[in-house]
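Residue numbers (our numbering): 39 to 499. Built from N, CA and C at the ideal position, the CB exists for glycine as well. Everything on this sheet refers to the single structure shown next.
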Amino acid sequence: MCAYGFFRLPISGYDLTVRPARTAVYIEALNQSILTHAMIVSCCKSVDFLLGFLVGTTSDNVSTRWGRRKPWVVVCFPFAIVSMFLLVTPFPFSGDAVFSDSDDFPCGEIEPDSATACPALEQCLVEMIANGTLPAHNVSSVESSNPPAPAALSVWFALFYFAYYFFSWTCTMIPYDALGMELTSDYSKRVSLFSVRVVFQFLGYAVPNAVGLVLSNIFPTNIIAVYAYTALVLGIVSLAALLVLGFGVSERPEAKTGQGNEVPAVVAVRRALCNRPYCIYLFIKFPISLVSLLPVNLMSFFLRYGMKMEDWASLYFTLVLVILFASLLGTPLVWYLTRRFGKREVLMYVSGACCPFFFAFFFVPPQSFPTAVIYIAGVFVGLLTVVMFVVLDSMLADIIDYDALHTGKRSEGVYTVAETNLQQFIEVLTLTLTLTRTRTRTRTRTRTLTLTLTNLQQSSR
Numbered sequence: 039m040c041a042y043g044f045f046r047l048p049i050s051g052y053d054l055t056v057r058p059a060r061t062a063v064y065i066e067a068l069n070q071s072i073l074t075h076a077m078i079v080s081c082c083k084s085v086d087f088l089l090g091f092l093v094g095t096t097s098d099n100v101s102t103r104w105g106r107r108k109p110w111v112v113v114c115f116p117f118a119i120v121s122m123f124l125l126v127t128p129f130p131f132s133g134d135a136v137f138s139d140s141d142d143f144p145c146g147e148i149e150p151d152s153a154t155a156c157p158a159l160e161q162c163l164v165e166m167i168a169n170g171t172l173p174a175h176n177v178s179s180v181e182s183s184n185p186p187a188p189a190a191l192s193v194w195f196a197l198f199y200f201a202y203y204f205f206s207w208t209c210t211m212i213p214y215d216a217l218g219m220e221l222t223s224d225y226s227k228r229v230s231l232f233s234v235r236v237v238f239q240f241l242g243y244a245v246p247n248a249v250g251l252v253l254s255n256i257f258p259t260n261i262i263a264v265y266a267y268t269a270l271v272l273g274i275v276s277l278a279a280l281l282v283l284g285f286g287v288s289e290r291p292e293a294k295t296g297q298g299n300e301v302p303a304v305v306a307v308r309r310a311l312c313n314r315p316y317c318i319y320l321f322i323k324f325p326i327s328l329v330s331l332l333p334v335n336l337m338s339f340f341l342r343y344g345m346k347m348e349d350w351a352s353l354y355f356t357l358v359l360v361i362l363f364a365s366l367l368g369t370p371l372v373w374y375l376t377r378r379f380g381k382r383e384v385l386m387y388v389s390g391a392c393c394p395f396f397f398a399f400f401f402v403p404p405q406s407f408p409t410a411v412i413y414i415a416g417v418f419v420g421l422l423t424v425v426m427f428v429v430l431d432s433m434l435a436d437i438i439d440y441d442a443l444h445t446g447k448r449s450e451g452v453y454t455v456a457e458t459n460l461q462q463f464i465e466v467l468t469l470t471l472t473l474t475r476t477r478t479r480t481r482t483r484t485r486t487l488t489l490t491l492t493n494l495q496q497s498s499r
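Shown next, in the form of structure tokens:
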């Protein structure tokens, strides 16, 4: 169980690194157009979703002496590691940013801890405003001083963004999830297996936060270097996890070859959609995924633009830690309750307890939102995430067994396509709601910096 679950750790780390890196590196550091960025992400994930059905069907139909799933993981995951590093480190456009820290922002050479910092900062700001380097704090609008990103940057981003998701989430995670569905047929052991995987999953979410905290102190003004070295650390962990999975996990003999005759992709998908329990499962899975994943993706924007917090980052990372700890502490609780009362009962009561809270959450004005309530919401999000990955995944494995009894063919790959890619489409929805909304806000970052520094010098008088 641990050998199988450990592989989920680097995947989770990649997932939590790529999402903020896209915005920080490409939009903020390299000035890529937000609309172009959002369009590339949406197109890549839409095409990748369609390719997932081909990968799932091929994984179900093609068997080797090493099994049906592990060869996909072993061959494709190294390409995902390389693609992820090149995605967050566009070195042809970032220059030597990976090897040095940049101090070229206005007045950045002033030592903040010295006794003369405030007078020196005040004098520097006056000079920068006078020579036009910084705009005055009372101007009506400010355009970005960075030149627009070249078209080659968009090509680079599209190429490696698609390659990363194709080789990781499509060619690796679909066979990996299918492998978990067929490792055991015992009702209770499946709950234990997916509980162990969830623990490693949330430990993986903590890795980039811990590494980023250390690297941000080493490179305080160079976000590209922070994500580049984070990707390097995750790459080392990924190779270790790949070796553990390759040598520590073996497919069951009856699962290595599958059962029944090979069927085309269209037939396999139609057969899955005709499975009534699976359709009911999808109607349950989508809203729970929406409630558990969308708040995490939207939280930074909610704090910045809804609650209008200037120091939003500290609250955001604290909230992420609350969600992680709630998930880790909630995993053994959900595991016990599921074995004690059953999957259906746990899913029903946990979802019912969360409904009134999130419904009331909707009617509270963002600017008057109590901080304590946000932490409580983080606990609920963490528990729903545990339920989604422990209870629902084990229910899907039972549904696959039910389908095999009717069709004589085990099709774990096809059934896990929607399961694996659903959270990717949540991110597309997040882009639609947020990136286009913040289009004009990115043009006023320099003005915000000037206002902040001006307030600082006025308060120091």
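- The count of Cβ pairs closer than 8 angstroms, one atom from the segment 190–210 and one from the segment 434–452, stays below three, leaving the stretches out of contact.
- Put simply, of LEU366, VAL388 and ASP86 the residue whose alpha carbon is nearest the alpha carbon of PHE238 is LEU366.
- Annotation: the continuous alpha helix (DSSP H) that includes LYS381 extends over 381–400.
- A Cβ-Cβ distance of about 25 angstroms is found for the pair VAL372 and ILE212, leaving them out of contact under the 8 angstroms criterion.
- In the structure shown, THR222 adopts coil according to DSSP, grouped into three states.
- Between ASP431 and PHE204, the C-beta gap is not smaller than 8 angstroms, which leaves the two residues out of contact.
- Shown here, GLY94 sits in a helix according to DSSP, grouped into three states.
- Taking the CA atoms as reference points, TYR354 sits about 19 angstroms from THR268.
- Between the segment 272–286 and the segment 407–421 there are fewer than three inter-stretch CB-CB distances shorter than 8 angstroms, so the stretches are not counted as touching.
- DSSP, read as helix, strand or coil, puts GLY446 in coil.
- DSSP, read as helix, strand or coil, puts THR127 in coil.
- Beta-bridge partners assigned by DSSP to GLY105: THR102.
- If you look at VAL63, you'll find it isn't in any alpha helix (DSSP H); DSSP assigns it neither H nor E.
- With contacts defined by Cβ atoms closer than 8 angstroms, LEU241 and TYR42 do not form a contacting pair.
- The beta carbon of MET433 sits closer than 7 angstroms to those of TYR319 and LYS381, all from its chain and outside the five residues before and after it, given in chain order.
- For ASP86, the CB contacts under 6 angstroms within the same chain, skipping 5 residues up- and downstream, are TYR203, PHE204 and THR208 in chain order.
- Shortest Cα-Cα distance from LEU47 to any of VAL63, LEU336, TYR214 and GLU165 involves TYR214.
- Pairing LEU221 with PHE115 gives a Cβ-Cβ distance that is not under 8 angstroms.
- DSSP places ASN169 in the coil class of the three-state scheme, outside both helix and strand.
- Secondary structure at CYS81: helix, using DSSP grouped into helix, strand and coil.
- The beta carbons of ARG308 and ALA216 sit about 19 angstroms from each other, so the pair does not count as a contact at 8 angstroms.
- Ranking PHE399, ILE361 and VAL79 by CA distance to the CA of SER192 puts VAL79 first.
- Taking a contact as a CB-CB distance under 8 angstroms, the pair THR458 and GLY218 does not count as one, their CB atoms being some 11 angstroms apart.
- LYS227 counts as exposed, since fewer than 16 other C-beta atoms from the protein chains shown sit within 10 angstroms of its C-beta.
- Rounded to the nearest whole angstrom, the CA to CA distance from VAL334 to VAL287 is 32 angstroms.
- Apart from sequence neighbours up to five positions away, the residues of its chain that approach PHE45 with a beta-carbon distance below 6 angstroms are ALA279 and LEU283, ordered along the chain.
- Its Cα nearest to that of VAL305, the residue VAL452 stands out among ILE49, TRP104, VAL452 and PRO58.
- Between ALA310 and SER449, the gap from beta carbon to beta carbon is short of 8 angstroms.
- Taking C-beta atoms as the reference points, VAL388 and ILE261 fail to come closer than 8 angstroms.
- Of the candidates PHE324, PRO394 and GLY344, PHE324 places its Cα closest to the Cα of MET426.
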